[in-house]
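Add 18 to a position in the sequence shown, counting from 1, and you land on the number used in our numbering.
Encoded as structure tokens, the structure appears first; notes follow it.
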Amino acid sequence: MSTDKPTTPAAEETKVCERMKEVVAERTGRTISDLRIEFKEGVFVLMGRAPTYFIKDLVSTVIAEEFDGVSYSNVIEVNPNI
């Protein structure tokens with residue numbers, strides 16, 4: 019008899035959000051302030067503040083490469099003063 023608890027969709031989404039956050043932070047050199055990723059209405063929403071548009075675009079590239087086929091919205095704010 020297994021003691022593993024079944025994984026709920028919400029738990030899976032949380033795991034994916036955490037993994038996305040780790041991968042994005044690593045691939046962007048941890049340059050995004052207040053990096054947050056939430057799953058809302060079937061879409062992963064990427065939030066935080068990046069110092070350049072290049073870094074913001076890099077986040078989209080990273081998500082597309084590492085998490086093929088997921089729906090996401092990159093609403094990261096660009097603020098060169100961070």
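Beta carbons are placed, not taken as given, at the ideal position from N, Cα and C, and that holds for glycine.
Note that the structure is a prediction, hence the values are computed from the model and not measured.
Bridge partners of residue i, per DSSP?
{"i": "Tyr90", "result": "Phe62"}
Take residue i and list the residues in its own chain whose beta-carbon comes closer than 6 Å to its own, dropping the five residues that flank it on each side.
{"i": "Arg45", "result": "Val80"}
{"i": "Met65", "result": "Arg54 and Val93"}
{"i": "Ala68", "result": "Ile50, Lys74, Ile94 and Val96"}
Between residue i and the rest of its own chain, which residues show a CB-CB distance below 7 Å, the 5 nearest in sequence each way excluded?
{"i": "Val61", "result": "Ser89, Tyr90 and Ser91"}
Could you check which residue in the options has the C-alpha nearest to that of residue i?
{"i": "Glu30", "options": "Ser78, Leu76, Glu56 and Ala82", "result": "Glu56"}
{"i": "Leu76", "options": "Arg37, Glu36 and Val41", "result": "Val41"}
{"i": "Ala82", "options": "Met38, Arg48 and Ile100", "result": "Met38"}
{"i": "Glu84", "options": "Ala43, Phe72 and Ile100", "result": "Ala43"}
Within its chain, find whatever has a CB closer than 8 Å to the CB of residue i; leave out the 5 residues flanking it on each side and keep chain order.
{"i": "Asp52", "result": "Met65, Gly66 and Arg67"}
{"i": "Thr70", "result": "Val96 and Pro98"}
{"i": "Lys58", "result": "none"}
I need the boundaries of the alpha helix (DSSP H) containing residue i, first residue and last residue.
{"i": "Arg48", "result": "Counting along the chain, Arg48 falls outside any alpha helix (DSSP H), and DSSP gives it neither H nor E."}
{"i": "Thr79", "result": "Tyr71 to Glu84"}
Beta-carbon of residue i versus every beta-carbon of chain C: anything under 8 Å?
{"i": "Asn99", "result": "Considering every chain present, this structure includes no chain C. It has just one protein chain."}
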